[in-house]
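The structure appears below as structure tokens.
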Amino acid sequence: MVQKYTSMAYASADDLVFGKAKFPVKAGLGLEIGAGYTTPEINYAPRPQAGKSKEKLIKEYERITTDSMQRMVQIGAPSVVLETEHVEQMTNNPSWGGEVAHAQKTIMEEYHDEYGIKCALRHTPGDIREDRDFLKLRGDKYDLLMESFEQIAQNGADLLSIESMGGKEVFDYSILRNDTAGILFGIGVLGSMDMEMIWSDIADIAKKNNVVAAGDTDCAQANTAMFIAGGLLDKNLAHTIAIVARAISAGRSLCAYEAGATGPGKDCGYENTIIKSISGVPIAQEGKSSTCAHSDVMGNLVMQACDLWSNESVEYHGEFGGTSVQCWGESLAYDCSLMNVALKTGKEKGLRDLFTLSDKYRDPQGYVLAYENAYRVGQAIVKDGTDNYLRTKNAAVECCTILDEGIASGKLRLTRFETKALAKVQADLAALPDNSDQFMSDCLTKYKEEVAVFRPENYGL
Amino acid sequence: MLDLKKEDIDGILIRYNVSLEKEMTPDEAAEELYPKDELIYPIAKAIYEGEEDDVIDGLKAAIDAGKNPIALINDALMVGMGVVSQLYDEGIIFLPNVMMSADAMLDGIEYCKDQTDEVPEPKGTVVCHVAEGDVHDIGKNIVAALLRANGFDVVDLGRDCPVDEVIEAVEKEKPILVTGTALMTTTMYAFKEVNDKLLEKGIKVPFACGGGAVNQDFVSQYELGVYGEEAADAPKIAEFILASGDGIEKLREEFHKH
């Protein structure tokens, strides 16, 4: 049963703060996420040769888990979440994922029993629903994916997540062609439809196994836009277009919570502040302490409302200061310590504002995601909350309005190129229909013709 | 919430892209680069603007006026695409402009080929693939488009491409360059297998790898590997091979930046 959000969880943007969510989530071994403290979430990837066999993979994850837990107790961290993003072998062979989860959880239980450290294990199967040429969102691959969720839920994973890919075939085509309608159709309509299907089933599996249906991220689309946009000097995509894609993605990723997920949302969902403002679920975020995985232009700002603080991913290997998971985990833990001190001393809103302000004017992406603006995007979404097309279009329009205001204030300085790209998006949005049936019909005609790999049957169309 | 005064922001961050933005608009810069020939000019401009229909109209007019369709590929379409590539390299236009121009150019090439039995002189073939087990192909799609935009023939093996399929394609197509992209650490291991199997067969073709978790240290571990940090490096590597040969060490000296 999908229940769409039509109102905001918080009465005002100022209520959004790190470490506190309106609806905290209990998970794993003594952990409560969003209940007044932040927790590091350590992420990692096995070394390339570890994927050669199941035995090697399990051994690799045992090393990663032991190293991470050991460092957390060595520095006195009170809580930790470990996230295992599956390599494809682990999802395609569901028992592998289950055995890895079991091995990791066994080690975590030992640390919990001995030291009392609060901890939980998140597993994120890969979205394997495709063959070489096409997305294959329904059918055999879907069943295999759900079997993977069953196996990890039965064998130790406390938090279930995925970075689902619905709509990506149209999005990939559109983002490289500045095609606003295609970006909206790919993320806001097709992505949302797929999210509603997949998260209804993940929530059922979580409920059956007494674990948490955590949440999703629009990594496959909005993060692709963010990465193509890159740094200030990169010339691959206007940052104004990247943030419009991000605003749209909030309506799409919100579908997980409407279908039964409860949070914490996935770390790389930079749309999560918007989602928290609407839903009140706890969120994971990544930024300045995930530079091991990628660069962004809002490394402090995204801490503003996080409940879990993540390093996104790091290949497991040795560094001067220990293994990579130990080094990056330690950085996260000290970030969390600072936030937790702010929470204990009543200074959290001040620290939040410092995080936000340090990046708010760095880039249009950070400007729109600054919590008071993110809240406005949330309001635009819930205004037409029951219609996936209208609400994501609203988000895009509001995003453009916020940017216009920033430019007018003189504080947000954009290049002519970024301003021109923004004007084009606004004109494109203004030309779109107000009726979702019409938009669907127009887009089906256009993208069936233009995007060779687009298969409407993936969406039951 | 707290806010900063406008005058305080520069002490905290600098948007270097704003302060360095060129005075000239992209359209003005392109105008300076178009060829002056009145039959070629509209084709080159239509390529820059990414307008397929205008490209075809321009080609029709040029052919009606006696221009050779195959010669128009190099003399008009590639010239127009050269304007686009130059502006992209100089940071004046962005990737979506290049993609749309490349689409228009490819339509133009097909049109020219349809007008004659002649076959254009190939510049060189590049085999592109995404590593086995990896389905993330937007990077490969950009690489392929940029190579085509620079006049190379691309054999696109798609995503999740088995190692043996890469080897077969290399044996058949005899490319000047093979490219491999991967997002994940576990799939990029397939690059080493491609390298080893090519060497087993005595094939020493440069193998340019990049994407996601791929880094220069990893690519340097196998004999044929050349690291490409950005998609835009692919045509530069291919051009370098045409100009200076396919020695791996020379390529690494040129393209390994770290």
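Here the protein sequences come in this chain order: F and E.
Quick note on the numbering used here: the first sequence kicks off at 488 and runs consecutively.
Quick note on the numbering used here: the second sequence kicks off at 309 and runs consecutively.
Just so it is clear, CB atoms sit at the ideal spot from N, CA and C, and this is done for glycine as well.
Here the structure is a predicted model, which means the values were calculated and not measured.
Burial state of S648(F), where buried means 16 or more other Cβ atoms lie within 10 Å: buried
Taking any Cβ of chain A, which residues in the stretch 658-682 of chain F have a Cβ under 7 angstroms from it, in chain order? The structure shown contains no chain A; its protein chains are F and E.
Counting only Cβ-Cβ distances shorter than 7 angstroms, please list the residues of the stretch 593-620 of chain F near chain E, keeping chain order. E617, R619 and D620
Do we get a CB-CB distance below 8 angstroms when we pair G466(E) with the residues of chain F? yes
For L569(F), the residue or residues it bridges with in DSSP: I529(F) and L608(F)
Would you report the Cα separation of G518(E) and H564(E), rounded to the nearest angstrom? 12 angstroms
With a threshold of 8 angstroms between beta carbons, is E329(E) in contact with chain F? yes
Is the number of C-beta pairs between the stretch 498-510 of chain F and the stretch 766-775 of chain F that are closer than 8 angstroms three or more? yes
From the DSSP secondary-structure annotation, give me the bridge partner or partners of D464(E). C436(E)
D502(F): beta carbon under 7 angstroms from a heavy atom of the ligand NAD? Looking at this structure, you won't find the ligand NAD or any other ligand, since it has none at all.
Option in T489(E), E531(E) and D468(E) with minimal Cα separation from V443(E): D468(E)
Chain F residues whose Cβ lies nearer than 8 angstroms to that of T494(E): A532, P533, P535, A537, G538, V574, E575 and Q576
Determine the contact status of A914(F) and E885(F), defining contact as a CB-CB distance below 8 angstroms. no
Name the chain F residues whose beta carbon is nearer than 8 angstroms to that of Y324(E)? L719 and L720
Would you kindly check if the distance between the Cβ of A707(F) and the Cβ of A748(F) is under 8 angstroms? no
Check whether the stretch 808-818 of chain F touches the stretch 504-511 of chain E, taking contact to mean three or more Cβ pairs, one atom from each stretch, closer than 8 angstroms. no
Please say whether V855(F) and L890(F) have beta carbons closer to each other than 8 angstroms? yes
Let me see if you follow: with CB-CB separation under 8 angstroms, is G897(F) close to chain E or not? yes
Answer yes or no: do F526(E) and G488(E) have a C-beta to C-beta separation smaller than 8 angstroms? no
C-beta neighbour in chain F for P404(E), strict 8 angstroms: yes
CB-CB under 7 angstroms to I549(E), same chain, minus the five flanking residues each way: which ones, in chain order? I484, L485 and P514
Is the Cβ-Cβ distance between F402(E) and L622(F) less than 8 angstroms? no
Can you check which of these residues, Y497(F), C755(F) and C793(F), is closest to T778(F) by C-alpha distance? C755(F)
Of the residues M680(F), E835(F), D705(F) and G786(F), the one placed nearest E944(F), counting alpha carbons only: M680(F)
For K513(F), the first and last residue of its enclosing beta strand (DSSP E): K507 to A514
Does N723(F) come within less than 8 angstroms of chain E when only Cβ atoms are used? yes
Of the listed residues P343(E), G390(E), V434(E) and K368(E), nearest to F409(E) (C-alpha basis): It is worth fixing the name first, because residue 409(E) is Ser in this sequence and not Phe. Among P343(E), G390(E), V434(E) and K368(E), the Cα nearest to that of S409(E) is on G390(E).
Contact check, K880(F) vs G675(F), beta carbons under 8 angstroms: yes
For T778(F), does the three-state DSSP call read helix, strand or coil? coil
Chain E residues whose Cβ lies nearer than 8 angstroms to that of E802(F): T493 and A521
So, at 7 angstroms on beta carbons, what are the nonlocal neighbours of G584(F) in its own chain, with the 5 sequence-adjacent residues on each side left out? H573, M577, T578, H610, P612, S635, Q638 and I639
Who pairs with I520(F) in a beta bridge, going by DSSP? V512(F)
First and last residue of the beta strand (DSSP E) that includes Y535(E)? G533 to Y535
Is it the case that the Cβ atoms of Y497(E) and Q536(F) are separated by a distance below 8 angstroms? yes
So with CB distances below 7 angstroms, who are the chain F contacts of K314(E)? G897 and K898
In whole angstroms, what is the alpha-carbon distance linking W796(F) and E773(F)? 6 angstroms
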